[in-house]
Each structure stands twice: as C-alpha cells, then as structure tokens.
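Numbering (this note's numbering), first residue to last: 214 to 403.
The next block holds one structure in the form of structure tokens; read it before the comments.
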C-alpha cells in the first residue's frame, strides 16, 4: 500500500485531464491503482505505468498497475515495443504480479495461442499476451485482417509455468496469459 511519503512523489500525469489530476494523485496516495489509472483514457494506462514505474514500485503498487494496464486495455498495446513490454514485466516481482491475476491452472506446461497480422516487427509473433483458446487467437487474427494487416495467422507455443507472469480471465471471456518467451521457445504457425 502507498504510505505517507508518497504524497510528495512526483508523478507523470500528462494523459490525465487537468481537472482530474488531483483526484488521480489522491488515488495514488491511497493505493487505489485502478482509480489512479482510469483518470486517463484507457489506452494510456501502460504509458502511465511506464512513466511512473519507480514511484509505483516504491509505493508497492507497480505490479497491480502493470497487470491492469496489460489486461484491461480497450484496444491493444501495439504502440509499445516488445523490448519496452518485456522490460516492464521483468521490472515486476513475478510472484506479486502472478498474485494480481487469476490463479494459474495446476499444469507445469501450457499450450497457448496468438493471433497476429502484419509484416516484420509489426507481426509480434513473440508478443507477451497469449490466450489459452485457439478460437480467441483466431478472432484476433481475423480482426487483424479487417484492419488490413498482411498475412493474418495463428501461432501456438508450449510454455513452462515459470515463463508465465500473470493469468487473467478477462471481461471478454478470455483466458489471457502474460508470458516472457525464452529464446528456445519457437512459436509454430498453425
């Protein structure tokens, strides 16, 4: 939880409308991560987490803020490089981040899927967000086609429990896994 010292913390609040910034600061000071983040348009949550990562970490709020920003975005997080996303996840305490989400199933390995579209780096085959459902991944691939992205496809991986940083059963009825793929993990196109 946030403590008394956080009230003096400098926060980056640019995406938050000026009329809501003091409320956002109060939410931060009281430890209300969601209240803090939702003062800005939803697609800025991850940027707010990135720009305030040290303040959030010092206040004991970082993992909860990161979890919410990763899984509750209205659209997606493609404006962020994979390097940035990986860094944000690695900066988190894995145990704390896991506790922010839903419990992982008992298995030691998971087969997960990812729907992609686009060319080169825009394809993000090795992204951090992987649904447990092939049908959900197919929906994302089809959506990529609707938006005109090249060569939509579904990929699958088999990943170890140790490489999963969070699991969320989202409001969209998806089981979403936040993963950091090890170098030896090679997604397979289906």
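Think of the CB as a built atom: it goes at the ideal place given N, C-alpha and C, for glycine as much as any other residue.
Beta carbon of residue i nearer than 8 Å to that of residue j
i: residue 368; j: residue 391; result: no
i: residue 354; j: residue 331; result: no
i: residue 374; j: residue 321; result: yes
i: residue 344; j: residue 388; result: yes
i: residue 305; j: residue 275; result: yes
i: residue 239; j: residue 224; result: no
i: residue 379; j: residue 301; result: no
i: residue 280; j: residue 313; result: yes
Boundaries of the alpha helix (DSSP H) in which residue i is found, first to last residue
i: residue 239; result: 234-243
i: residue 297; result: 295-304
i: residue 397; result: Note, residue 397: premise wrong, no alpha helix (DSSP H); not H, not E.
CB-CB length for residue i against residue j, believed under 8 Å
i: residue 250; j: residue 282; result: 7 Å
i: residue 393; j: residue 341; result: 7 Å
i: residue 254; j: residue 228; result: 7 Å
i: residue 383; j: residue 246; result: About 17 Å; that fails the 8 Å criterion.
Opposing strand residues paired with residue i [DSSP bridges]
i: residue 322; result: 373
i: residue 392; result: 377
Element boundaries [beta strand (DSSP E), containing residue i]
i: residue 313; result: Here residue 313 belongs to no beta strand (DSSP E); instead the alpha helix (DSSP H) covers 307-313.
i: residue 343; result: 342-344
Determine contact between the stretch 251-264 and the stretch 353-366, defined as no fewer than three beta-carbon pairs at a distance below 8 Å. Counting C-beta pairs closer than 8 Å gives fewer than three between the stretch 251-264 and the stretch 353-366, which falls short of the contact rule.
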